[in-house]
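Numbering (the numbering used here), first residue to last: 11 to 518. Cβ coordinates follow ideal geometry from the N, Cα and C atoms, glycine included. Source: prediction; values computed, not measured. Down below is the structure, laid out as C-alpha cells.
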C-alpha cells in the first residue's frame with residue numbers, strides 16, 4: 011500500500027507542471043481574462059497605430075464582458091474598424107447583429123449604409139439611409155449620405171436636390187457643400203461647382219481639399235493654352251525634338267475639345283527628318299457610364315527628298331462595366347515618326363487595344379491586350395498587367411508600390427528603320443510618390459522602376475522619372491520632367507533612352 015501511495019505521489023509531482031503548462035497555453039499569457047477596461051485601452055492604442063483589424067477584435071472581446079448598452083457601442087466601434095481596414099463582410103455582419111437586437115440603432119444603420127456604398131451596393135445603402143430618415147427625418151448624416159450615394163450612382167439631379175435641401179437649412183454644412191461641388195462638377199456644371207467650393211473656402215480658408223478641388227475644376231472648365239517642348243535620345247543614336255501648342259475648350263456640359271499643333275525634328279547621326287501634325291480630338295460623355303473620344307490628324311513629313319501628307323484618325327471608348335470595374339477600348343491609325351528612315355518609308359501603324367481596370371480598397375488591378383499592324387507588313391502583340399497598391403495615403407503625399415508583367419512579340423518581316431526585338435518578356439517593380447509642397451503651389455512626383463527582361467538574353471532593366479508642376483498663379487503653371495530608362499519595352503529604337511520635357515500652361 012505504501013509503495014502504491016509513493017508511486018502515486020511521484021506521478022502527481024511529475025504531471026503537475028504539464029497541467030500548469032497546458033493551462034497557460036489555453037488561456038495565453040496570464041491565467042485570467044483581461045477586464046473590459048483593459049481590452050478597450052489596448053484596442054484604442056491599436057486604433058491609434060492604425061492596426062484596425064486587431065483593434066476590432068479587442069473591441070469585440072470587450073463587448074462580451076460589458077453591459078448591453080456598452081456592448082452595442084463597442085461592437086459598433088469594432089464594425090467601424092473592420093470597415094476602415096477593408097474587411098467589409100465582417101463589418102456588415104457586426105452591424106447586422108446590432109440591428110437585429112436594436113432595429114432603430116442609428117449608428118449601426120448609418121455604418122451599414124456606408125459599407126454598402128463603399129462596396130457599390132447603392133440601392134442597399136439608400137435603403138438603410140431611408141430607414142434612419144423614417145425615424146429621424148432631419149438626420150443630417152443620413153441626408154448627406156443618401157445624396158452622396160445618389161451622385162455615385164449617377165443620379166446627379168436627385169443628388170443636387172438632396173444637397174441643396176441640406177444647405178438651405180444649414181448653409182455651413184461642409185460635407186454637403188463638398189458633395190454638391192463634386193456632383194456639379196461631374197454633371198458639367200463647372201461655374202456652380204466653383205461657387206460651392208468658394209463657400210467652403212469662405213467658411214474654412216485653410217481647407218486644402220477644397221482648394222485643390224477648385225483648381226482641378228477650374229482647369230477642367232478651361233479654356234486653356236499649353237506650350238510643351240521635349241527632347242529624347244537613345245542608345246541607337248536616335249534623337250527626337252518636339253514642340254507642341256495645345257488648346258483646350260470645354261465646349262458644353264458633355265464635350266471637351268483639344269486642338270494640338272506639333273512639330274517634330276528627328277535625326278540619327280547625320281540623317282534627318284521632320285514632321286508637322288495637326289490633331290483635333292473631342293471627348294463626349296454619351297451616357298452616365300460611357301465616354302467616347304474621337305480624333306483626326308493631318309500629317310506632313312519630310313526626310314531627304316521624300317515628303318508625305320496624309321490623314322489619320324482614332325477612337326477610344328471608356329465604360330463602367332460593373333461595380334468598381336471599368337473597360338477601355340481603342341482603335342487608331344497613327345504615324346511612326348521616331349527615326350528619319352521611318353519617315354522616308356512612310357510607316358504608319360494601326361493599333362487595337364482593350365483594357366480592364368478593377369478597383370479595390372487602396373489597390374488597382376489592370377490588364378491590357380494590344381495588337382499593332384504596321385504598313386510594312388510587320389505586326390506586334392502585347393499583353394500587360396499592372397497591380398498598384400497605395401501603402402501610404404496622407405493629405406500631402408501618397409506612396410504607391412506596383413508590379414508590371416509585360417509580354418511583347420514583334421514580327422520583323424522587313425527593315426524600316428526601327429529596332430524592336432522579336433519577343434520580350436519583362437517583370438518590373440516600381441515605387442511612386444506624389445504630393446504637394448509650398449502651400450499646394452508645387453505638385454511633385456517620382457517613379458523608380460527595377461526589373462528583369464528576357465529577349466535574346468536576360469538583363470536587368472530600370473527607369474527613373476521625376477517631375478513637378480509649379481503654380482505661379484492659380485491660372486498659370488510651369489512644368490518639367492526628366493526620365494532615364496533601360497528597357498526594350500520602353501523605347502522602340504533601343505535598349506536605353508533619356509528624355510526631358512518642359513511646359514507652360516495658362517488658364518483663361
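Beta-bridge partners assigned by DSSP to residue 494: 474 and 508. For residue 224, the closest alpha carbon among the candidates 187, 254 and 244 is that of 187. Minimum Cα-Cα distance from residue 108 among the listed residues 122, 97, 258 and 96 corresponds to 122. At the C-beta level, residue 307 and residue 325 stay beyond 8 angstroms of one another.
If you draw a straight line from the Cα of residue 474 to the Cα of residue 457, it is about 6 angstroms long.
Membership of residue 249 in the beta strand (DSSP E) is indicated by the continuous run 248-259. When DSSP states are grouped into helix, strand and coil, residue 189 belongs to the helix group. DSSP, read as helix, strand or coil, puts residue 92 in helix. Inclusion of residue 292 and residue 265 in the CB contact set at 8 angstroms is warranted, their separation being smaller than that value.
Residues of the same chain with a CB within less than 7 angstroms of the CB of residue 68, apart from the 5 flanking positions on each side, are 49, 52, 53 and 56 in chain order.
Classified as exposed, residue 462 has fewer than 16 neighbouring CB atoms from the shown chains inside 10 Å of its CB. As computed with DSSP, residue 292 is found in a beta bridge with 267 and 304. Within the region 158-189, not a single complete beta strand (DSSP E) segment reaches 3 residues in length. Per DSSP, reduced to three states, the secondary structure at residue 74 is helical. Counting of Cβ neighbours within 10 angstroms places residue 201 among the exposed residues, the total staying below 16. 8 angstroms or more divides the Cβ of residue 396 from the Cβ of residue 421. Three or more beta-carbon pairs separated by less than 8 angstroms link the region 359-373 to the region 341-350, which places the two stretches in contact. Scanning its chain for C-beta atoms nearer than 6 angstroms, with the 5 sequence neighbours on each side dropped, one finds around residue 310 the residues 286 and 319, in chain order.
In this chain, the alpha helix (DSSP H) harbouring residue 350 covers 350-354. With respect to residue 399, residue 410 sits close: the two C-beta atoms are nearer than 8 angstroms.
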